[in-house]
Structures are given as structure tokens and as C-alpha cells.
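Here the structure is laid out as C-alpha cells; the discussion comes afterwards.
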Ligand SMILES: Nc1ncnc2c1ncn2[C@@H]1O[C@H](COP(=O)(O)OP(=O)(O)OP(=O)(O)O)[C@@H](O)[C@H]1O
Ligand SMILES: [Mg+2]
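Numbering (UniProt numbering), first residue to last: 1 to 261.
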């Protein structure tokens, strides 16, 4: 496998908030990956790379307990999410924010109502306070003026940002973003990268981000792993800048240098 464990700039001692050990995932006979092992430390921006169909979204689903791995262990915020039940599971999930690849806003609710939803489900804040928090989150992603619009009335990029605002509603210490900048214009995308960096640095929020955008990866990623369909597993791990400069695996090189493999 390509790359090395990073000398995490100032975070090497931070506690691991996500750990995958020897994780294998198959749907029936279709083995996506074997023996995936990594740790993510608090305040890191950890990027998952890989071609279409390599299992990136599935790995996210494993990490948040939506699927159970075929083999191996996953721990998140110090607990085994797969084993957590009832109230324990609810509490754990309230500390995780997720923005899906598709955005998945509720079409009959305004953006403001969409962002208020997790606050309704997981807190006892009165309505006015929920609204206040939701407005702040929409402001963070530059959507203050669109709070009262329905998802059908906004652009795809705005829907992405609204999805991120909703994922941040409860100030989760751990945020999962599946292709947050896909379909965004370069300026909006750079703004989003800045937001991710700021939240990681200022609040110690940990991010696990699936993305293909090389610029984004180099701008935000402390560390990354690369999944590969042919290899059915990880083919690289490390600092994206080091991988760009030193990778020798043809697929890894091709990705970081924008060459044909
Ligand atoms: N629930 C499921 N049941 C069966 N097969 C599935 C399921 N979810 C995903 N797969 C298969 O697993 C493979 C990986 O899918 P996944 O969505 O994780 O890929 P990805 O790396 O996120 O791709 P993309 O970059 O296109 O989003 C695909 O071949 C897909 O068909
Ligand atoms: Mg995907």
C-alpha cells in the first residue's frame, strides 16, 4: 500500500474518534473491500478517495452504523455503534452529522424547517431557539436569504449547502460529508473548503469527507485513504500532498497527477 502514517501536525496525540480495523464489506458475492484499517483523530479532516463504485459511500454507511461490516470492527466516538441500541444509539447518532451524496432535504419543508428538524428530534429547545440556531447554521453556509424557500426553489449547490447546514444543526463533534462540493462552482466550493477548515481548527470538529476534487483534497485533507475496486481494498493512506509528490502506485499517481493510469 502506498504512503505512510502521517506525523499529524499537532494532532498525533488527539484521541481517535473513528477506528476501523480489518473491515471487510460484501453484498452477497460482491466483495467491495477487505481489511480496511485506519484511525481518524479528533480535529482531523480525513478524506476518502476512490473511483466510482469502489465503496466510498458504503464505507461511510458502515461508519455510521447503517450497514454492518461483513468482517472487522468499527468504533466511533469510543463506542461500537453497531452494538448500541435504543437510547444509547440515539445519543451516539445525535453526535454525528451526515450530509448524503444526494442532499436528501425534505421537499415539503423550507430550508429553515429542514435545518430545524434535528433540533426538534434531539433537543428540547423551544421553537424560537431552534429557529435561531437554524438561522445561524444557514448563515454559515451562505443561505441566510434562502431560509424560507423550498428545496425545489433552489439550485443544486444551494441544496448541498443546506444539507451541510442541517448536518451541523446539533454542533456534532463528528461530521460525514459525501461529495460536498460535487456540482458546486469553484468559488462556492472553495468557500466550503474554508468552512470545513475553520470548523476543524476552531471547534475541533472532525470531518470524514468523500470527494473527488483534487484541489479540495489538497486544501482540506490532513490525511486520506484511497479505495480501489480492482484491489478490493485500500491502495493508499497518508498526507495527500505527500501522495501527490511521491506516490508510485499507478492508480494513486494517476489520480494525484491527473494522468491516465
Ligand atoms: N445496499 C446495497 N446492496 C447491494 N449492493 C450495493 C448496495 N450499496 C452499494 N452497493 C454496491 O456496492 C458498490 C459500491 O457502491 P458505493 O455507493 O459505495 O460506491 P462509491 O465509491 O460511493 O461510488 P460513487 O463514486 O459512484 O458514489 C457498487 O457496486 C454498488 O452497486
Ligand atoms: Mg458514493
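Using N, Cα and C, we set each Cβ at its ideal position, and we do this for glycine too. The structure displayed is predicted, hence computed values, not measured ones.
Quick one: does the C-beta of residue i sit closer than 6 Å to a heavy atom of ligand 1?
i: residue 54; result: yes
i: residue 32; result: yes
i: residue 27; result: yes
Quick one: using the 10 Å Cβ neighbour count with 16 as the cut-off for buried, is residue i buried or exposed?
i: residue 52; result: exposed
i: residue 147; result: buried
i: residue 6; result: Confidence in residue 6 is poor, its pLDDT being 44 and thus under 50, which makes the residue's placement unreliable; the coordinate value appears in the next sentence. The residue in question, residue 6, is buried, as its Cβ has 16 or more Cβ neighbours within 10 Å.
i: residue 248; result: exposed
i: residue 263; result: This structure leaves residue 263 out entirely; the chain is present only between 1 and 261.
Between which two residues does the alpha helix (DSSP H) harbouring residue i extend?
i: residue 179; result: No alpha helix (DSSP H) contains residue 179, which DSSP labels as neither H nor E.
i: residue 163; result: 156-167
i: residue 220; result: 214-220
i: residue 244; result: 240-246
Using a Cβ-based criterion (distance less than 6 Å to any ligand heavy atom), does residue i qualify as near ligand 2?
i: residue 57; result: yes
i: residue 87; result: no
i: residue 101; result: yes
What I want to know is whether the C-beta of residue i ends up closer than 6 Å to one or more non-hydrogen atoms of ligand 4.
i: residue 223; result: For the structure depicted, ligand 4 is absent and the ligand set comprises only ligand 1 and ligand 2.
Between which residues of its own chain and residue i is the CB-CB distance below 8 Å, once the five residues before and five after are set aside?
i: residue 89; result: 65, 81
i: residue 265; result: In the structure as shown, the chain starts at 1 and stops at 261, and residue 265 therefore has no counterpart that could be examined.
i: residue 270; result: Here the chain covers residues 1 to 261 and nothing more, so residue 270 does not appear.
Start and end of the beta strand (DSSP E) containing residue i?
i: residue 32; result: 30-41
i: residue 228; result: 223-228
i: residue 49; result: 45-50
i: residue 27; result: 16-27
Excluding the 5 residues flanking residue i on each side, which residues of the same chain have their C-beta closer than 7 Å to its C-beta?
i: residue 156; result: 183
i: residue 14; result: 41, 42, 43
Excluding five sequence neighbours on each side, which residues of the same chain lie with their C-beta closer than 6 Å to the C-beta of residue i?
i: residue 209; result: 47, 177
Practice task
Decide yes or no for the touch test of the region 119-136 against the region 157-172: beta carbon pairs closer than 8 Å, at least 3 of them.
Solution key: yes
Problem - the region 145-157 contacting the region 105-124, beta-carbon criterion three pairs below 8 Å - result: yes
Exercise for the section: Flag this pair as touching only if the region 57-74 and the region 20-37 have three or more C-beta atom pairs under 8 Å; answer yes or no. Expected result: yes
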